Every structure is written in structure tokens, then in C-alpha cells.
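In this note's numbering, the protein residues as written are 900 to 1100.
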């Protein structure tokens, strides 16, 4: 069960999920593994907040990554949002999570957070004939090219530089993230509080 908080209403004190209160302040989270369910929930929230207004949306991310196709759906929502997206890495944004972080309008990291980029990974055991295995390999290479292109777009790096940087599990500290143009600014937690308090409940 998720955390909850108490708020004062005309009917007295009411208990509400923290997620609901944060949503009322235009703040949402990307937490845990990225999959179809979390991607649909995320895009629905981005859609609703854009319908409501074009005020900035704050996204708190702590994710090990996950499914690429699900992540690309979330990517489309972030870059297509009319409301500016400011993304805050609290803890980690690995793999597809780092791609999502890099594409935000404004990108912030807490001092002890971390990003990680690598090549697309193939989950599970691969089986089948030579033709089917080649097809899988070709598809992974195309996916790699697509992700490299997206990262190049949002970092200003060449696709060759991105390819070289993602040939292994490449971890970036906040300072290294700024140097690679994956992040705009390192902030303290007090700044996160300011961002969330900006919007009225």
C-alpha cells in the first residue's frame, strides 16, 4: 500500500494517497521498472495535466529502466507535452530511465543520484533457427540506432559519441552527467520542495 497523508477539507480531515496530493500539485513519479502498465498510467497523467493547464509538470524519477517500447511511449508523452517538463533524478535513472530523464525540458539531479546508459539488452533465453536469431539481432541494432539518435538529439552529442559511451554499462555521476549534457543542474532536496510547493492544492 502506498503512503498517505491527511488534508483538511470542508468535511473535516480526510486521508488521501500522497500520489493524489502530489498530482494535485502537478507532480508525478516514475518509480520502479518501466513496463506497459506504468507507461499507460504515466501517459494518462501527462495527458490529464496538459488538459488542465500548461503550467510546468514536475517528474520525480527513480528507475532501473525496463521495457524499451514502453519507455518510448513515455518518451513521446514527455517530448509532446505542451506543459514544460522538469525531471528530477532522485536516486537513479538507469537504461531507459536515463533516456527519459535526458529528454525533459529541464533536467535536475540530487547530489547523490546517478544515471546509467548502455546498449539495449535482450531479456530471457534466445532460441530458434539462424534466420529468426538474425532477425532479432537486426531488430536490436535498429533499436540501438533509434535510442542513440534520441540521445544525440537531447545531448547535442554525435551518434558516434553516444554509441561509444553506451558500449558498456556507463555510470554518470551528477557532475559527469552535466559534462555529457545529460543533466542541466545539480540541486538540493530543498529545491525539490520549492518546485512542488509552487502549484496550489
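C-beta atoms are modelled at their ideal positions from N, C-alpha and C, and glycine is treated no differently.
All values reported here derive from a predicted model rather than from experimental measurement.
Inter-residue spacing [alpha-carbon to alpha-carbon] between residue i and residue j
i	j	result
residue 988	residue 910	37 angstroms
residue 969	residue 1005	22 angstroms
residue 1055	residue 1080	7 angstroms
residue 1066	residue 913	51 angstroms
residue 1085	residue 924	22 angstroms
residue 1088	residue 1010	9 angstroms
residue 1100	residue 991	For residue 1100, the pLDDT reaches just 49, beneath the cut-off of 50, and the residue's location in the model is therefore unreliable, although a value from the coordinates is still provided. Rounded to the nearest angstrom, the two C-alpha atoms are 28 angstroms apart.
residue 965	residue 1038	17 angstroms
residue 926	residue 950	15 angstroms
residue 1098	residue 930	22 angstroms
residue 1091	residue 959	9 angstroms
residue 1003	residue 986	6 angstroms
residue 934	residue 999	13 angstroms
residue 916	residue 922	10 angstroms
residue 918	residue 1094	16 angstroms
residue 984	residue 1071	22 angstroms
residue 1064	residue 980	28 angstroms
residue 1078	residue 1068	18 angstroms
Contact set for residue i: own chain, Cβ-Cβ below 8 angstroms, skip 5 residues either direction
i	result
residue 967	995, 1019, 1042, 1046
residue 946	976
residue 1096	924
Span of the alpha helix (DSSP H), counted from its first residue to its last, around residue i
i	result
residue 1088	1088-1097
residue 937	935-951
residue 997	995-1001
Nearest-angstrom Cβ-Cβ length linking residue i and residue j, presumed shorter than 8 angstroms
i	j	result
residue 1058	residue 1048	6 angstroms
residue 993	residue 962	7 angstroms
residue 997	residue 971	At roughly 14 angstroms, the Cβ-Cβ gap does not stay under 8 angstroms, so residue 997 and residue 971 are not in contact.
residue 956	residue 982	5 angstroms
Continuous beta strand (DSSP E) stretch holding residue i: start and end
i	result
residue 1071	1069-1071
residue 966	Per DSSP, residue 966 belongs to no beta strand (DSSP E) and is neither H nor E.
residue 920	Element bounds for residue 920: not the beta strand (DSSP E) but the alpha helix (DSSP H), 917-923.
residue 1063	Not the beta strand (DSSP E): residue 1063 falls in the alpha helix (DSSP H), residues 1058-1064.
residue 926	926-930
residue 1014	1013-1016
residue 1005	1005-1008
Close beta carbons around residue i, own chain, < 7 angstroms, minus the five adjacent residues each side
i	result
residue 1001	1050, 1053, 1054, 1081
residue 1076	1008, 1014, 1082
residue 948	925, 956, 982
task: Check whether the region 975-982 touches the region 938-945, counting contact only when three or more Cβ pairs, one atom from each stretch, lie closer than 8 angstroms.
output: yes
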